[in-house]
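Those letters in the sequence shown? Residues 0 to 152, per numbering that gives the first Met the number 0, in order. The next block holds one structure in the form of structure tokens; read it before the comments.
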Amino acid sequence: MTAILFIDADACPVKDEAYKVAARHGFKTFVVSNSWIRVPLTPVIEQIVVDAGPDVADDWIAERCGPGDVVVTNDIPLADRVLKAGGAAVAPNGRVFSADMIGSALASRSIGEHLRSMGEVTKGPAAFANADRSRFLQALDQLVVKAKRAVPR
0 MTAILFIDAD ACPVKDEAYK VAARHGFKTF VVSNSWIRVP LTPVIEQIVV DAGPDVADDW
60 IAERCGPGDV VVTNDIPLAD RVLKAGGAAV APNGRVFSAD MIGSALASRS IGEHLRSMGE
120 VTKGPAAFAN ADRSRFLQAL DQLVVKAKRA VPR
């Protein structure tokens with residue numbers, strides 16, 4: 000059994016970086032999206048196009064993710080499901096989701112949704128910067144190395 004890299008690819012700004020890390024470490028990679036996107040033509044990268052709809056891509060990933068797998072996502076509920084399945088999750092800005100912080104991240108997300116539903120204007124995420132890309136590469140590489148050690152080949 001080998002570890003797998005899943006990319007929640009809709010609106011993911013670091014797909015190319017994830018492909019490079021996966022190739023360097025020989026990880027099978029699933030690029031999951033609601034529409035066709037260009038992916039490198041290699042046997043270790045597979046594109047999965049799921050039906051349009053809320054959480055369809057997230058459900059596909061969560062149903063297949065297991066111990067030792069790594070998921071690239073900005074989606075906090077998906078990260079929670081990945082952690083519960085024994086996998087690891089990292090956001091495109093390099094933030095690694097952990098059991099210690101996922102509860103507060105879910106609560107903050109819920110509060111923000113509630114405020115927006117009441118008409119409050121909340122600030123969105125910070126603009127994506129080169130420093131985010133660098134943090135992501137470092138975090139993903141560390142998670143992949145850890146996954147390779149944990150899952151026997």
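Think of the CB as a built atom: it goes at the ideal place given N, C-alpha and C, for glycine as much as any other residue. Every value quoted in this text rests on a predicted model; they were computed, and no experiment measured them.
inquiry  = Given this structure, state the Cα-to-Cα distance separating Leu139 from Glu119, to the nearest angstrom.
reply    = For Leu139 and Glu119, the distance between alpha carbons rounds to 35 Å.
query = Who are the Cβ neighbours of Ala84 in its own chain at under 6 Å, not counting the five residues just before and after it?
reply = Exclusion of the five residues before and after Ala84 leaves Cys64 and Gly65 as the residues of its chain whose Cβ lies within less than 6 Å of its Cβ.
message = So the candidates are Lys122, Val95 and Phe127; which of them puts its Cα closest to the Cα of Gln137?
response = It is Val95.
key: Option in Ser97, Asp7 and Ala90 with minimal Cα separation from Trp35   = Here the closest residue by C-alpha is Asp7.
Three-state secondary structure assigned by DSSP to Ser32 = Strand at Ser32.
key: Inter-residue spacing [alpha-carbon to alpha-carbon] between Leu77 and Ala130   = Each residue's Cα considered, the two are about 24 Å apart.
query = If Val143 and Val69 are in contact, beta carbons under 8 Å, what's the gap, nearest whole angstrom?
reply = Between Val69 and Val143 the Cβ distance is about 6 Å, and since that is below 8 Å, they are a contact.
inquiry  = Need the endpoints of the alpha helix (DSSP H) that Glu62 sits in, please.
reply    = Val55 to Arg63 is the span of the alpha helix (DSSP H), which, as asked, contains Glu62.
query = Considering only the beta carbon of each residue, do Val31 and Ala56 sit closer than 8 Å?
reply = Yes, the Cβ-Cβ distance between Val31 and Ala56 is below 8 Å.
message = In the DSSP assignment, the beta strand (DSSP E) including Asp7 goes from what residue to what residue?
response = From DSSP, the beta strand (DSSP E) with Asp7 extends over Ile3 to Asp7.
query = Identify the residues that DSSP records as bridge partners of Glu119: which are they?
reply = Glu119 pairs with nothing; no bridge assigned.
task = Give the DSSP bridge partners of Lys27, in chain order.
result = According to DSSP, which records beta bridges pairwise, Lys27 is partnered with Ile3.
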